[in-house]
Amino acid sequence: MFTPKSSDWEASIVAAITEELGQLEYLMKDKSDLTEKNDIHAQVSRLCGLTDLAHNEAIPFAESTRLQIRELNDLAMRMIRTTLDSTPPSDEHVESMEREAAQALFDAITLNIPHLAQAETSKYAIALSMNAFDLMRTHMGDHPDFEMMERLVLVQDYRVMKLAGDNR
117 MFTPKSSDWE ASIVAAITEE LGQLEYLMKD KSDLTEKNDI HAQVSRLCGL TDLAHNEAIP
177 FAESTRLQIR ELNDLAMRMI RTTLDSTPPS DEHVESMERE AAQALFDAIT LNIPHLAQAE
237 TSKYAIALSM NAFDLMRTHM GDHPDFEMME RLVLVQDYRV MKLAGDNR
């Protein structure tokens with residue numbers, strides 16, 4: 117039975133980690149819109165799964181191999197932190213997030229319109245800051261229910277809301 121030398125199997129693991137690190141770098145630099153966040157998250161998980169081996173004392177790594185794996189892990193973490201710190205979201209991404217937030221807020225208010233319309237008896241009310249309402253108006257203002265909702269929602273300056281404090 118053939119048993120590889122310890123340095124061979126250790127070198128194979130280090131090579132696999134280096135390859136996964138290269139793939140992570142490729143995905144993080146990809147600007148083609150074909151790479152999704154989930155692709156990067158999956159790659160980070162694969163990479164961490166391999167680099168975590170260095171912390172498992174049951175695996176008979178040479179100390180130099182453990183150090184090499186930890187250095188590769190540190191390199192990956194620096195790459196991730198640098199990319200996250202230096203890459204502002206694109207205008208399209210911000211627009212998409214704002215649209216989704218406006219839609220979610222609109223849907224939540226719409227579901228409560230019957231209660232809001234009977235505020236005196238139902239004791240339901242909603243107050244939004246002018247900024248939140250303007251964002252919703254920008255993205256949902258052309259919806260047929262928007263005009264009715266506009267009459268049922270109290271819109272206030274955030275500074276006024278902040279001065280009112282927590283009234284729970």
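Taking our numbering, I'd label the letters of the sequence shown as residues 117 to 284.
Here a beta-carbon is modelled for each residue, glycine too, at the ideal position from N, C-alpha and C.
Which same chain residues end up closer than 8 Å to residue i when comparing Cβ atoms and leaving out the 5 residues on each side of it in sequence?
{"i": "H259", "result": "F222"}
{"i": "I156", "result": "L140, L143, M144"}
{"i": "Q184", "result": "V130"}
{"i": "D273", "result": "S245, M246"}
Which of the three DSSP states, helix, strand or coil, is assigned to residue i?
{"i": "A243", "result": "strand"}
{"i": "V271", "result": "strand"}
{"i": "P205", "result": "coil"}
{"i": "G257", "result": "coil"}
{"i": "K147", "result": "coil"}
{"i": "A220", "result": "helix"}
{"i": "Q234", "result": "coil"}
{"i": "E173", "result": "coil"}
{"i": "E152", "result": "coil"}
{"i": "A127", "result": "helix"}
{"i": "N228", "result": "coil"}
{"i": "A192", "result": "helix"}
{"i": "A248", "result": "helix"}
{"i": "E179", "result": "helix"}
Which residue from the options puts its Cα closest to that of residue i?
{"i": "C164", "options": "A217, K278, I133", "result": "I133"}
{"i": "L270", "options": "L244, E263, L232", "result": "L244"}
{"i": "E126", "options": "L169, S212, D146, E152", "result": "L169"}
{"i": "D124", "options": "K278, P176, R215, L232", "result": "P176"}
{"i": "D146", "options": "T199, I129, E187", "result": "T199"}
{"i": "R253", "options": "E214, D273, A131, R275", "result": "E214"}
{"i": "L268", "options": "N247, A241, G257", "result": "A241"}
{"i": "N228", "options": "E266, E179, S128", "result": "E266"}
Who are the Cβ neighbours of residue i in its own chain at under 7 Å, not counting the five residues just before and after it?
{"i": "E141", "result": "M195"}
{"i": "L137", "result": "L163, L188, L191, A192"}
Excluding the five sequence neighbours on either side, which residues of its own chain have a C-beta within less than 6 Å of the C-beta of residue i, listed in chain order?
{"i": "R182", "result": "A170"}
{"i": "L232", "result": "Y240, L268"}
{"i": "R186", "result": "A170"}
{"i": "M264", "result": "none"}
Could you check how far apart the C-beta atoms of residue i and residue j are, in whole angstroms? I think they sit under 8 Å.
{"i": "T85", "j": "D250", "result": "The question about residue 85 has no answer, for the chain in this structure spans 117 to 284."}
{"i": "A224", "j": "H255", "result": "Actually they do not touch by this definition, with Cβ atoms about 14 Å apart."}
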